[in-house]
Amino acid sequence: MQTRITNLRLAHLVTGPLLALMLIRLYFLLPFPVKPDQIDWTPYSLAGVHQDLEQGKLVLISAKASWCITTWGHEYFYSQDPAVLKLVRSEPICCYQIDIAELPHHQFKAWQGYFDDISPLGVILLTQNSNHEVIKRAITIEGLYEQQLIPEIKKLRELQTEPSYRVVHIDP
Numbered sequence: 012m013q014t015r016i017t018n019l020r021l022a023h024l025v026t027g028p029l030l031a032l033m034l035i036r037l038y039f040l041l042p043f044p045v046k047p048d049q050i051d052w053t054p055y056s057l058a059g060v061h062q063d064l065e066q067g068k069l070v071l072i073s074a075k076a077s078w079c080i081t082t083w084g085h086e087y088f089y090s091q092d093p094a095v096l097k098l099v100r101s102e103p104i105c106c107y108q109i110d111i112a113e114l115p116h117h118q119f120k121a122w123q124g125y126f127d128d129i130s131p132l133g134v135i136l137l138t139q140n141s142n143h144e145v146i147k148r149a150i151t152i153e154g155l156y157e158q159q160l161i162p163e164i165k166k167l168r169e170l171q172t173e174p175s176y177r178v179v180h181i182d183p
């Protein structure tokens, strides 16, 4: 009888932690559902960006780095800002997310060129005008802090019908 109780306790000691580990692993393997009060981000895809531009959509690319907590915080706050959400949901805007910490060195350098800054963190806005020219605006972390995102989106939506003075090439 005593050995049976000991075996039962031993079974509980082994299965309890195993069950807990399985639940924890399952929790991290399942994708987190997007809250209705935040932007639904799509992983960055060059083909997706080109397709969205051809369809006349404005493309918002959030460039963040897994090693920079500041960018995660800024993205979290502006992706839940009611004014930004209203604009993203009412206009044809596609939202992409890229972690520049995962990019090869040459692509990292290209992102630095987009921002004309040492730190390629912030938001890139792209649209295509009536002449099929791509118009680009880069907003750094400081610009996001100063609430420049909504005015820049509105300016680019207006420029979609006008010829542009600046053409950019989108690197992969």
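Position 94, counted from 1, in the sequence shown is what our numbering calls 105; the numbers after and before it change by one each time, with no gaps.
Just so it is clear, CB atoms sit at the ideal spot from N, CA and C, and this is done for glycine as well.
Can you list, in chain order, the residues of its chain whose CB lies under 8 Å from that of residue i, leaving out five sequence neighbours each side?
i	result
Arg67	Per the sequence presented here, residue 67 reads as Gly, with Arg not at that position. Same-chain partners within the cutoff: Pro103, Gln139 and Gln171.
Leu155	His85, Tyr89, Gly133 and Val134
Glu113	Ser77
Are the beta-carbon atoms belonging to residue i and residue j less than 8 Å from one another?
i	j	result
Pro54	Gln108	yes
Ile146	Leu167	yes
Asp110	Lys75	yes
My assumption, with CB atoms under 8 Å, is that residue i sits in contact with residue j. Please give the rounded CB distance.
i	j	result
Leu136	Glu163	6 Å
Keeping to the same chain, check which residues put their C-beta closer than 7 Å to that of residue i; ignore five residues upstream and five downstream.
i	result
Thr26	none
Asp63	Val70 and Cys105
Thr81	Ile152
Trp83	Lys75
For residue i, count neighbouring C-beta atoms within 10 Å of its own C-beta (all shown protein chains included) and say buried if the count is 16 or more, exposed if not.
i	result
Arg251	The first residue shown for the chain is 12 and the last is 183, placing residue 251 beyond what the model contains.
Ser73	buried
Query - Segments assigned beta strand (DSSP E), at least 3 residues, entirely inside the stretch 101-137 - result: 104-110
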